[in-house]
Amino acid sequence: MIVCSCTGVTDRDIRQAIAWMRASDPLTLITPGKIYRALGKSANCGGCVRLFIEHIRSDENFAVPVELRNLRGATLARSVEEA
Ligand code: FES
337 MIVCSCTGVT DRDIRQAIAW MRASDPLTLI TPGKIYRALG KSANCGGCVR LFIEHIRSDE
397 NFAVPVELRN LRGATLARSV EEA
């Protein structure tokens, strides 16, 4: 299924890009921009953003790595402890 009609990016392209990014760096944060770059393309009109993000979120490899969760909360807690 074509997700981005401007660039011809499909749902399969998105899944493969996410899998490749996760395999090459398990701690990477996955964003639409990184997926476009991984595919050698760039967004044009932005009309696909909602559908693009839905496909990213539905991918089993999308989840934010455990090591990177709650970093802001941890930073704030550390600041309060140091004060
Ligand atoms: S439809 Fe994806 S950038 Fe235009």
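Letter by letter, the sequence shown follows residues 337 to 419 of this note's numbering. Beta carbons are placed, not taken as given, at the ideal position from N, Cα and C, and that holds for glycine.
Bounding residues of the beta strand (DSSP E) (the contiguous stretch that carries residue i)
i: isoleucine 338; result: 338-340
Residue i classed as buried or exposed, judged by whether at least 16 other C-beta atoms fall within 10 angstroms
i: valine 402; result: exposed
i: valine 385; result: exposed
i: cysteine 340; result: buried
Whole-number beta carbon distance between residue j and residue i, since they are thought to touch under 8 Å
i: aspartate 347; j: methionine 337; result: 5 Å
Enclosing alpha helix (DSSP H) for residue i [first to last residue]
i: valine 385; result: 385-394
i: isoleucine 371; result: 368-374
i: serine 378; result: Segment: none, serine 378 is in no alpha helix (DSSP H) and carries neither H nor E.
Residue of the options minimising C-alpha distance to residue i
i: arginine 373; options: His391, Ile354, Glu396; result: Ile354
i: leucine 375; options: Cys381, Gly344, Gly409; result: Gly344
i: valine 400; options: Met357, Cys342, Cys340, Gly383; result: Met357
i: arginine 405; options: Cys340, Ser341, Leu365, Cys381; result: Leu365
i: aspartate 367; options: Ser360, Glu418, Ala359, Phe388; result: Here residue 367 turns out to be threonine, not aspartate, going by the sequence shown. Measuring from the Cα of threonine 367, the nearest candidate turns out to be Phe388.
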